[in-house]
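Visitor: Starting off with a structure, shown below.
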Amino acid sequence: MVLLSPHSLAPSPAERARSVLSRPNPATVTTAHVSLHLTGAVCHTTVAGEITLLLPDQHRVLAEIGEGGLEATVEFTDTAPVDLRDPTRSLLWISGDLRVASPAQARGRALAVLAEDPDERLLDLGHGRTMVVMDPHLIVHSDHEGCHLLHPEEFTEAAADPFGRWEGPWLRHLEDDHPDVLRSLVAHCPTPLPQGRPRPLGVDRHGLCLRLEGPDGDHDVRIPFRRLVRTPHDIAHEVREMAGLDRHRC
Numbered sequence: 014m015v016l017l018s019p020h021s022l023a024p025s026p027a028e029r030a031r032s033v034l035s036r037p038n039p040a041t042v043t044t045a046h047v048s049l050h051l052t053g054a055v056c057h058t059t060v061a062g063e064i065t066l067l068l069p070d071q072h073r074v075l076a077e078i079g080e081g082g083l084e085a086t087v088e089f090t091d092t093a094p095v096d097l098r099d100p101t102r103s104l105l106w107i108s109g110d111l112r113v114a115s116p117a118q119a120r121g122r123a124l125a126v127l128a129e130d131p132d133e134r135l136l137d138l139g140h141g142r143t144m145v146v147m148d149p150h151l152i153v154h155s156d157h158e159g160c161h162l163l164h165p166e167e168f169t170e171a172a173a174d175p176f177g178r179w180e181g182p183w184l185r186h187l188e189d190d191h192p193d194v195l196r197s198l199v200a201h202c203p204t205p206l207p208q209g210r211p212r213p214l215g216v217d218r219h220g221l222c223l224r225l226e227g228p229d230g231d232h233d234v235r236i237p238f239r240r241l242v243r244t245p246h247d248i249a250h251e252v253r254e255m256a257g258l259d260r261h262r263c
């Protein structure tokens with residue numbers, strides 16, 4: 014990843030890891046004897062650092078966990094929301110003790126999440142889905158900036174980017190409806206960039222990430238905002254400014 018300004022802020026590895034969990038990414042739960050793939054994992058992190066997942070009722074991984082808990086690893090694949098030729102943005106591995114939450118515990122945890130985050134996917138709890146809870150011991154995040162071993166406390170104290178689930182629809186809108194904005198962003202960059210088709214790779218409160226798909230491979234670039242943004246309107250304004258399209262709506 015090319016960072017256009019060495020003094021610009023960017024999410025920390027722990028923040029990037031927390032953001033992976035906030036998005037509907039695919040995940041694979043692996044124990045000693047069974048593996049379960051989740052297309053869009055319903056995952057949340059509690060203030061105590063525990064991680065909750067919704068698993069299909071009656072799946073044999075639940076029987077294997079039983080009442081005593083079970084060591085497991087969950088691999089999350091951070092997937093770009095647009096159709097890139099290499100869609101994987103990062104990988105997150107979390108290992109720890111997995112246990113099945115009682116119905117009362119699951120309802121309490123779901124209500125606590127819903128008080129801060131209206132995630133409608135939690136409505137599946139008790140309707141074909143069972144909540145499991147992981148106490149993480151080992152957390153590893155790997156992306157374009159390297160592989161990072163995260164301490165559980167560091168991971169817990171970090172905050173996910175507030176635009177995690179909003180990011181996908183907005184990037185697809187930028188890709189489908191505003192290719193001129195992407196071209197203008199590249200043309201107005203103060204630093205020469207590699208040749209390639211500009212594609213929207215990611216956005217967060219710190220800046221916008223583009224992927225340049227060229228004949229010699231892919232090149233990722235982070236274009237930092239002038240300031241931390243607070244709302245989707247702020248993001249659209251920053252992008253228009255950086256593209257030199259003050260009056261363009263995106």
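Just add 13 to the spot in the sequence shown (first one is 1) and you have the numbering used here. Note that CB positions come from ideal geometry on N, CA and C, so glycine has one too.
(1) Which term fits Leu163, buried or exposed, when burial requires 16 or more other beta carbons within 10 angstroms of its beta carbon?
(2) Expressed to the nearest angstrom, what Euclidean distance is found between the alpha-carbon atoms of Thr52 and His150?
(3) How is the alpha helix (DSSP H) around Val199 delimited, first residue to last?
(4) Leu67 bridges to which residues according to DSSP?
(5) With three or more C-beta pairs closer than 8 Å as the rule, is the stretch 77-85 touching the stretch 195-210?
(6) Less than 8 Å between C-beta atoms, sequence neighbours within five positions excluded: which residues of the same chain meet that for Pro94?
(7) Over what stretch of residues does the alpha helix (DSSP H) that includes Ser115 continue unbroken?
(8) Count the other CB atoms, across all protein chains shown, that sit within 10 Å of the CB of Thr65; report buried if there are 16 or more and exposed otherwise.
(9) Excluding five sequence neighbours on each side, which residues of the same chain lie with their C-beta closer than 6 Å to the C-beta of Leu241?
(10) Straight-line CA distance for Asp233 to Pro211?
(11) Consult DSSP for Ser25 and reduce its assignment to one of helix, strand or coil.
(12) Only counting the same chain, and skipping five residues up and downstream in sequence, which positions put a Cβ closer than 8 Å to that of Thr169?
(13) In or out: Cys222 buried (at least 16 other Cβ within 10 Å) or exposed?
(14) Please name the residue, chosen from Phe176, Asp229, Ile152 and Phe89, that lies closest to His246 on a Cα-to-Cα basis.
Guide: Reading from the atomic positions:
(1) Indexing the sequence shown from 1 puts residue 163 at position 150. Leu163 comes out buried.
(2) Along the sequence shown, one-based indexing puts residue 52 at 39. Along the sequence shown, one-based indexing puts residue 150 at 137. Thr52 and His150: Cα-Cα distance of roughly 24 Å.
(3) Here residue 199 refers to the residue found at position 186 when the sequence shown is read from its first residue. Note, Val199: alpha helix (DSSP H), Pro192 to Ala200.
(4) By 1-based counting over the sequence shown, the position of residue 67 is 54. According to DSSP, Leu67 bridges with Met144.
(5) no
(6) For the purposes of this step, residue 94 is taken as the residue at position 81 of the sequence shown. Answer for Pro94: Glu180, Gly181, Pro182, Leu184 and Arg185, listed in chain order.
(7) Here the question's residue 115 lines up with position 102 in the sequence shown. Taken as a continuous stretch (DSSP letters only), Ser115 belongs to no alpha helix (DSSP H), as it is neither H nor E.
(8) Locating residue 65 in the sequence shown gives position 52, counting from the first residue. Buried, by the Cβ-count rule.
(9) In the sequence shown, the residue the question calls residue 241 occupies position 228. So the list reads Arg218, once near-sequence residues are dropped.
(10) Residue mapping note: residue 233 aligns to position 220 of the sequence shown, counting from 1. Residue mapping note: residue 211 aligns to position 198 of the sequence shown, counting from 1. Spanning the two alpha carbons is a distance of roughly 9 Å.
(11) Working through the sequence shown from its first residue, we reach residue 25 at position 12. If DSSP states are grouped into helix, strand and coil, Ser25 belongs with coil.
(12) Against the sequence shown, residue 169 aligns to sequence position 156. For Thr169, where only same-chain residues beyond five positions count, the Cβ hits under 8 Å are Thr58, Val60, Ala61 and Gly62.
(13) For the purposes of this step, residue 222 is taken as residue 209 along the sequence shown, with counting starting at 1. Buried: at least 16 other Cβ atoms inside 10 Å.
(14) As a working note, residue 246 is residue 233 in the sequence shown. For His246, the nearest C-alpha among the options comes from Phe176.
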